[in-house]
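Engineer: As you go down the protein sequences, you meet chains A and B in turn. Oh and the first sequence: position 285 is 284 in numbering that gives the first Met the number 0, straight run, nothing missing. Oh and the second sequence: position 55 is 54 in numbering that gives the first Met the number 0, straight run, nothing missing.
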Amino acid sequence: MTSADKIVTPAFNESAEDLRHDFLKALRCMILSRTLEEKLSSLYRAGGRIVGGVYLGRGQEAFSAAAGIQLRWGKDIFGPLIRDQAGRIAFGEPVIDTMRTYLGVVTGPMRGRDGNIHRGQPKQGYMAMISHLGSLLSVVAGALFARRLRGTLGDTAGATSIGDGGTSTGAFHEGLNLAAVEKLPLVVSVANNQYAYSTPNHRQYACEDLVQRAVGYGVGGHSVDGTDLLACVKIFRTAFQKARAGDGPQMVVGRLLRLGGHGEHDDASYVPDLQKHTHEGRDCLVVAQKQAVEQGWATPQDLEKWHKEARLEVDQALAMVTKEPVPDPYRENWRALSTEGLVEGQEP
Amino acid sequence: MSTITYLEAIREAQYEALRDNPDVFLYGQDIATFGGAFKATKNLGREFPGRVFDSPISEDAMIGMAIGAAVEGARPIVEMQFADFSSVGFNQIVNQAATLYWRTNTPCPITIRLPSGGTAGSGPFHSQSMESIYAHYPGLVILTPATVEDAYWMLLDSVKLDDPVIFCEHKFLYYHLKSDGFGQGMPIGKARIARPGRDATVVTYSAMLHESLKAAEELRLDGYEVEVVDLRSVKPMDTDTILASVARTGRLLVVGESFPWGGATSEVVARVAGEAFHLLDAPPMRLNSKDTPIPYHPNLWKAHRPTTASISSELRKLLRY
């Protein structure tokens with residue numbers, strides 16, 4: 000038996016109306032995400048406003064949003080990664096929090112103490128990634144574990160994301176193995192975007208397909224064309240249903256191409272032109288909009304309207320954040336402990 | 000008659016933490032049925048079903064899991080089988096746990112127990128003292144109990160604290176150190192004058208407290224009164240108590256078991272030199288282990304770590320200056 004024999008891909012068993020609803024919700028998150036990220040990109044290129052790097056999810060919106068729409072803000076646990084702007088929007092993070100974190104204003108969730116994609120609200124089940132890949136997996140697992148321990152798990156699911164490169168870390172392995180041992184309701188999205196920064200897949204792993212690893216971990220494995228929103232929506236619905244039903248962790252591997260550099264500082268000149276014209280290289284947003292029209296779920300006028308609304312929302316967010324205060328080192332409390340009395344050099 | 004060992008104090012504190020707070024759970028390798036490599040969780044799995052868990056051998060994921068659980072309101076106590084293995088979970092400790100509150104305003108109440116320090120025959124990878132490494136990072140509380148009383152009270156306090164605690168319990172003291180009871184306890188962050196004196200100050204912590212006290216006793220026979228300060232917590236460090244002691248004695252020796260490059264002992268010397276240079280009658284001295292991995296054979300091991308003899312010898316140099 001090959002490992003592929005064990006890969007689970009059950010049929011989508013919801014009504015056509017549910018599918019339409021999920022698809023359009025995801026599509027609108029994709030449009031908003033793309034619009035927001037285009038703004039971030041131009042702000043970065045213009046210079047001055049965004050101090051650090053800009054890391055975009057272009058080309059990965061379908062895969063990210065399809066996972067994100069399965070999550071309920073305040074009920075589920077989400078630990079997104081670098082290229083999850085669309086999934087973050089789908090989960091319920093307002094666009095203005097992205098803008099606030101990139102511009103480092105004190106009104107944002109990270110208050111200028113951390114920036115760009117390193118943002119979250121852990122008390123709301125929205126974990127804030129650190130840069131060390133794979134290390135968020137066990138954190139999301141721990142949150143689920145605690146809920147089960149305290150009898151509050153209910154139908155909670157957790158989700159986290161990783162890329163092809165991140166699957167090579169020890170933390171990813173340890174975390175997924177732990178989640179599998181505990182049979183936690185966790186969905187792990189693996190966006191196989193062909194490059195870890197500049198390193199191509201053949202220098203990253205030696206198995207034929209990353210989904211084969213699911214068998215080794217004893218978790219459900221699912222493969223999907225990451226450029227195809229319809230397919231992504233179906234696969235994540237299934238994966239989340241299985242996780243919530245007690246089937247243990249589910250790993251969804253999406254095949255796609257990162258349509259840009261690692262960050263906006265990176266021209267990705269190491270990606271051969273030919274690869275950009277492969278199936279994985281097609282733009283998932285273009286594909287999704289075509290699907291929406293073909294299915295009769297949206298008209299071109301609807302799409303134009305949604306783009307316009309997204310531009311308005313992004314422009315309003317930027318206008319608002321521009322007026323918000325940046326951090327003041329003289330007002331910063333410089334306190335890394337929550338227990339005031341234990342902070343050295345400060346009176347309790 | 001002294002009846003309670005340092006190890007039993009640690010077990011008792013965990014028992015009470017589990018008994019008194021349903022949010023507390025224990026997570027570690029071989030701790031549930033087996034009771035842990037040192038039996039620090041003996042019977043706790045049976046007494047608290049569903050609250051004590053065997054983990055896979057995954058220090059990184061163990062700590063990450065505890066962090067996620069703490070965010071959700073649980074108060075995990077994680078046992079590293081040996082302090083040395085916490086290096087595998089280092090990233091989660093210093094980058095995830097230690098930054099969480101500062102970055103996200105979310106407290107991270109986890110206690111990580113590190114069976115620390117050398118015992119004869121344990122060799123390079125079952126003997127390390129990690130307090131200096133972790134103390135370097137903002138956002139962590141580093142406790143180094145030297146007594147049965149502190150092992151008990153400080154562990155209970157750790158679990159109540161809303162910040163990540165690295166609880167460095169010394170394996171050499173597990174069975175050797177005994178006491179009648181747990182006494183009153185002292186607040187975290189306060190050092191203790193373990194032995195009063197006027198001729199020199201030894202600042203130390205953990206197992207080195209006991210070697211230092213023996214050295215002070217040796218010097219008493221020569222007519223010197225050596226004050227011994229037990230830091231109790233390496234971070235926060237009670238600079239006031241250290242400076243007050245140096246003000247009394249004018250001479251300082253800092254003793255620690257960890258490696259000599261930098262660390263807790265250097266920090267004490269730096270603070271005293273920087274803030275109380277005028278109080279010193281002699282250059283401040285440090286005594287640490289040697290700058291090699293920790294050796295296996297007892298002959299080498301005893302010469303590698305500070306001992307009563309080497310502390311006495313350093314004290315004599317300090318007093319002669």
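Think of the CB as a built atom: it goes at the ideal place given N, C-alpha and C, for glycine as much as any other residue.
Quick check: is the beta carbon of V7 (chain A) nearer than 7 Å to any beta carbon in chain B?
Structural biologist: For the purposes of this step, residue 7 (chain A) is taken as the residue at position 8 of the first sequence. Here the model assigns V7 (chain A) a pLDDT of 47, short of 50, so the residue's position is not dependable, and the following value carries that caveat. For V7 (chain A), the closest Cβ of chain B is not nearer than 7 Å.
Engineer: Name the residue from A:L80, A:G51, A:M126 whose alpha carbon lies nearest to the alpha carbon of G162 (chain A).
Structural biologist: For the purposes of this step, residue 162 (chain A) is identified with residue 163 of the first sequence, where counting begins at 1. Ranking A:L80, A:G51, A:M126 by Cα distance to G162 (chain A) puts A:L80 first.
Engineer: Considering Cα atoms alone, identify which of B:R231, B:D162, B:E226 is closest to E168 (chain B).
Structural biologist: As a position in the second sequence, residue 168 (chain B) is number 169, starting the count at 1. Residue B:R231 is the option with its Cα nearest to E168 (chain B).
Engineer: Nearest-angstrom Cα distance between A145 (chain B) and A214 (chain B)?
Structural biologist: As a first step, residue 145 (chain B) must be located in the second sequence, where it is residue number 146. As a first step, residue 214 (chain B) must be located in the second sequence, where it is residue number 215. Their backbone Cα atoms lie some 16 Å apart in a straight line.
Engineer: Starting from M109 (chain A), find everything on chain B with Cβ-Cβ shorter than 9 Å and list it in chain order.
Structural biologist: Stepping through the first sequence from its first residue, residue 109 (chain A) is reached at position 110. Near M109 (chain A) (Cβ distances below 9 Å), the residues of chain B are R102, T103.
Engineer: For D96 (chain A), count neighbouring C-beta atoms within 10 Å of its own C-beta (all shown protein chains included) and say buried if the count is 16 or more, exposed if not.
Structural biologist: Here the question's residue 96 (chain A) lines up with position 97 in the first sequence. Counting Cβ neighbours within 10 Å, D96 (chain A) comes out buried, since at least 16 surround it.
Engineer: Out of B:I141, B:Y174, B:Y223, point me to the one whose CA is closest to I187 (chain B)'s CA.
Structural biologist: Within the second sequence, residue 187 (chain B) is the residue found at index 188, counting from 1. Closest by alpha carbon: B:I141.
Engineer: Since Q95 (chain B) sits in a beta bridge, which residues does DSSP pair it with?
Structural biologist: To locate residue 95 (chain B), count along the second sequence from 1; it is residue 96. Its beta-bridge partners do not exist; DSSP assigns none.
Engineer: Measuring alpha carbon to alpha carbon, tell me which residue in A:G47, A:F144, A:Y194 is nearest G58 (chain A).
Structural biologist: In the first sequence, the residue the question calls residue 58 (chain A) occupies position 59. Ranking A:G47, A:F144, A:Y194 by Cα distance to G58 (chain A) puts A:Y194 first.
Engineer: With distance defined between alpha-carbon atoms, name the residue in B:F166, B:A39, B:P114, B:I66 nearest to H125 (chain B).
Structural biologist: For this step, residue 125 (chain B) is matched to residue 126 along the second sequence. The shortest C-alpha separation from H125 (chain B) is found at B:P114.
Engineer: Do you know whose CA, among B:Q127, B:F89, B:L212, lies nearest T291 (chain B)'s CA?
Structural biologist: On the second sequence, position 292 is the one that residue 291 (chain B) refers to. Cα-wise, what sits closest to T291 (chain B) is B:Q127.
Engineer: Show which residues of chain A have a CB atom less than 9 Å away from the CB atom of I310 (chain B).
Structural biologist: Here residue 310 (chain B) is taken as the residue at index 311 of the second sequence, counted from 1. Within 9 Å Cβ-Cβ: nothing; I310 (chain B) doesn't reach chain A, min ~27 Å.
Engineer: Quick check: the stretch 23 to 38 of chain B against the stretch 75 to 95 of chain B, are there 3 or more CB pairs under 8 Å?
Structural biologist: yes
Engineer: Name, please, each residue of chain B whose Cβ falls closer than 8 Å to the Cβ of E339 (chain A).
Structural biologist: Numbered from 1 along the first sequence, position 340 holds the residue referred to as residue 339 (chain A). Simply none; closest approach about 10 Å.
Engineer: When burial is assigned at 16 or more other CB atoms within 10 Å of the CB, is V270 (chain A) buried or exposed?
Structural biologist: Locating residue 270 (chain A) in the first sequence gives position 271, counting from the first residue. Buried, by the Cβ-count rule.
Engineer: Let me know if K289 (chain A) comes out buried or exposed under the rule of 16 or more other beta-carbons within 10 Å of its beta-carbon.
Structural biologist: Locating residue 289 (chain A) in the first sequence gives position 290, counting from the first residue. With fewer than 16 other CB atoms across the displayed protein chains lying within 10 angstroms of its CB, K289 (chain A) is exposed.
Engineer: Could you have a look at Y54 (chain A) and say whether DSSP puts it in helix, strand or coil?
Structural biologist: What you label residue 54 (chain A) is simply residue 55 of the first sequence in a count that begins at 1. Of the three classes helix, strand and coil, the one that applies to Y54 (chain A) here is coil, per DSSP.
Engineer: Quick one: any contact between the stretch 62 to 82 of chain A and the stretch 21 to 29 of chain A, if contact means 3 or more CB pairs under 8 Å?
Structural biologist: They touch, by the three-pair rule.
Engineer: When burial is assigned at 16 or more other CB atoms within 10 Å of the CB, is W260 (chain B) buried or exposed?
Structural biologist: Residue mapping note: residue 260 (chain B) aligns to position 261 of the second sequence, counting from 1. With fewer than 16 Cβ atoms within 10 Å of its Cβ, W260 (chain B) is classed as exposed.
Engineer: Indicate whether G255 (chain B) and T264 (chain B) have their beta-carbon atoms separated by less than 7 Å.
Structural biologist: One-based indexing of the second sequence puts residue 255 (chain B) at position 256. One-based indexing of the second sequence puts residue 264 (chain B) at position 265. Contact: yes.
Engineer: Quick one: what does DSSP say V23 (chain B) is sitting in, helix, strand or coil?
Structural biologist: Start at 1 with the first residue of the second sequence, and residue 23 (chain B) comes out as number 24. Note: V23 (chain B) maps to strand in three-state DSSP.
Engineer: Do you know how far the Cα of G259 (chain A) is from the Cα of D266 (chain A)?
Structural biologist: Position 267 of the first sequence, counted from the start, is the residue given in the question as residue 266 (chain A). Position 260 of the first sequence, counted from the start, is the residue given in the question as residue 259 (chain A). Going from the Cα of D266 (chain A) to the Cα of G259 (chain A) covers about 7 Å.
Engineer: Residues in its own chain within less than 7 Å of E313 (chain B) by CB, not counting five upstream and five downstream?
Structural biologist: Here residue 313 (chain B) refers to the residue found at position 314 of the second sequence. Excluding residues within five positions, the ones whose Cβ falls inside 7 Å are L252, M284, L286.
Engineer: Report all residues from its chain with a CB closer than 7 Å to the CB of P347 (chain A); omit the five preceding and five following residues, and keep chain order.
Structural biologist: Position 348 of the first sequence, counted from the first residue, corresponds to residue 347 (chain A). Because P347 (chain A) carries a pLDDT of 46, less than 50, the predicted location of this residue cannot be relied on, and no value is offered for it.
Engineer: Tell me the residue span of the beta strand (DSSP E) that contains E168 (chain B).
Structural biologist: Residue numbering aside, residue 168 (chain B) sits at position 169 when the second sequence is read from its first letter. The continuous beta strand (DSSP E) containing E168 (chain B) extends over residues 164 to 169.
Engineer: Any contact between the stretch 171 to 178 of chain A and the stretch 96 to 103 of chain B? By contact I mean 3 or more CB pairs, one from each, below 8 Å.
Structural biologist: no
Engineer: Taking just the CA atoms, how far does R243 (chain A) sit from H221 (chain A)?
Structural biologist: The residue you call residue 221 (chain A) lines up with position 222 of the first sequence. The residue you call residue 243 (chain A) lines up with position 244 of the first sequence. Computed Cα separation, rounded: 16 Å.
Engineer: In this structure, does DSSP put K322 (chain A) in helix, strand or coil?
Structural biologist: Residue 322 (chain A) sits at position 323 when you count from the first residue of the first sequence. In the structure shown, K322 (chain A) sits in coil (DSSP, three-state: anything other than H, G, I, E or B).
Engineer: How many whole angstroms separate the CB atoms of A12 (chain B) and L160 (chain B), which I take to be in contact at a CB cut-off of 8 Å?
Structural biologist: Here residue 12 (chain B) is taken as the residue at index 13 of the second sequence, counted from 1. Here residue 160 (chain B) is taken as the residue at index 161 of the second sequence, counted from 1. Not a contact, Cβ separation roughly 13 Å.
Engineer: Anything in chain B within Cβ reach of F235 (chain A), meaning under 8 Å, just list it in chain order.
Structural biologist: The residue given as residue 235 (chain A) occupies position 236 in the first sequence. Within 8 Å Cβ-Cβ: nothing; F235 (chain A) doesn't reach chain B, min ~22 Å.
Engineer: Quick check: V325 (chain A) and V104 (chain A), are their CB atoms within less than 7 Å of each other?
Structural biologist: Numbered from 1 along the first sequence, position 326 holds the residue referred to as residue 325 (chain A). Numbered from 1 along the first sequence, position 105 holds the residue referred to as residue 104 (chain A). Less than 7 Å divides the Cβ of V325 (chain A) from the Cβ of V104 (chain A).
Engineer: Does the beta carbon of E11 (chain B) come closer than 7 Å to any beta carbon on chain A?
Structural biologist: For the purposes of this step, residue 11 (chain B) is taken as residue 12 along the second sequence, with counting starting at 1. E11 (chain B) does not count as touching chain A.
Engineer: Thinking A190 (chain B) and V228 (chain B) are a contact (beta carbons under 8 Å), I'd like their distance in whole angstroms, please.
Structural biologist: The residue labelled residue 190 (chain B) in the question sits at position 191 within the second sequence. The residue labelled residue 228 (chain B) in the question sits at position 229 within the second sequence. Indeed, because the Cβ distance is near 5 Å, the residues count as touching under 8 Å.
Engineer: Considering just the uninterrupted stretch of the beta strand (DSSP E) at P75 (chain B), what are its terminal residues?
Structural biologist: What you label residue 75 (chain B) is simply residue 76 of the second sequence in a count that begins at 1. Unbroken beta strand (DSSP E) run through P75 (chain B): 74 to 78.
Engineer: Among B:P305, B:L318, B:D19, which one has its Cα closest to the Cα of F47 (chain B)?
Structural biologist: Within the second sequence, numbered from 1, the residue matching residue 47 (chain B) stands at position 48. Selected option, being the one with the closest Cα: B:D19.
Engineer: Less than 8 Å between C-beta atoms, sequence neighbours within five positions excluded: which residues of the same chain meet that for D179 (chain B)?
Structural biologist: As a position in the second sequence, residue 179 (chain B) is number 180, starting the count at 1. M0, S1, T2, I3.
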